[in-house]
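Beneath this line is the structure, given in structure tokens, with notes to follow.
In the UniProt record's numbering, the protein residues as written are 1 to 107.
Below, the structure is given as structure tokens:
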């Protein structure tokens, strides 16, 4: 199983953009110690959420934010709770974190 990242990569930034082995753009976020992953595609217009590399959270670090239109998403589920895509959600990427902190795609 190939690792896509390591938990320590989220120590200084709390968010990390990456390309999955199948070519999809995705990102990891850590909020309140929980790491989740989503495809980097806003449900509003299908564009990437980050305007700057690895910036996926609003300034308070609690919610995922689309830099284009300011839409806000819950980091637990990807549900849009504010903005033009309210009622829709980010596409989750299932991950598994092993005992060494390696983050893998879930089987």
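Yeah, the Cβ is synthetic: ideal placement off N, Cα and C, and Gly gets one too.
Item	Value
Spatial neighbours of residue 8 in its chain, beta-carbon cut-off 7 Å, leaving aside the 5 residues before and after	101
Residues that residue 64 bridges to, as DSSP identifies them	57, 73
CA-to-CA distance, residue 23 to residue 61, given in whole angstroms	27 Å
DSSP three-state assignment for residue 86, whether helix, strand or coil	coil
Test item: CB-CB of residue 83 and residue 72 under 8 Å	yes
For residue 27, the first and last residue of its enclosing beta strand (DSSP E)	25-31
CB contact flag (residue 49, residue 64, <8 Å)	yes
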